[in-house]
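Okay, so here's the structure we're looking at.
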Amino acid sequence: MSPTSVASLLNPTICRRMLIAYLIEHIPRPNNPTLEEATGWPRRTVQDIIAKGLPGHGTVVEFIQEGVRHNDGYYLLRDWGSFDKNWVKTNLPIICQVLDVKLDLSDAMS
């Protein structure tokens, strides 16, 4: 199946969740601002995916508190849940195409 036909079959909502899970695992010390910058999405979208979207797939994300303020810290992906992380990594360019997100895939693919 060609990448274009795979892209046409993918659900953007699920793609957003897979991308956030991938970024949490691959960006050093990811927090809301870094995830917003990587995706170009609003704060509330990123927060909703982490708080509501990912748990629905059994994906476990923990916030590691650092500093004094309640929002000082970063996210840590503990479990991919129903997502196959190898499939996500292999298909990251297609996921980004579906979402019209431009990532620097040379760094993200490592």
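Sequential numbering of the sequence shown, starting at 59, is according to the numbering used here. Yeah, the Cβ is synthetic: ideal placement off N, Cα and C, and Gly gets one too.
- When DSSP assignments are scanned along the stretch 87-167, the uninterrupted stretches of alpha helix (DSSP H) that are 4 or more residues long and fall wholly within it turn out to be 90-97, 101-106, 143-148, 150-157, 163-166.
- Look at Leu68 here: in three-state DSSP terms it is coil, with no helix or strand label.
- In this structure, the alpha-carbon of Leu157 lies about 15 Å from that of Lys147.
- Scanning its chain for C-beta atoms nearer than 8 Å, with the 5 sequence neighbours on each side dropped, one finds around Gly111 the residues Thr71, Arg74, Arg75, Ile78, in chain order.
- Note on geometry: alpha-carbon atoms of Ile152 and Trp145 lie some 11 Å from one another.
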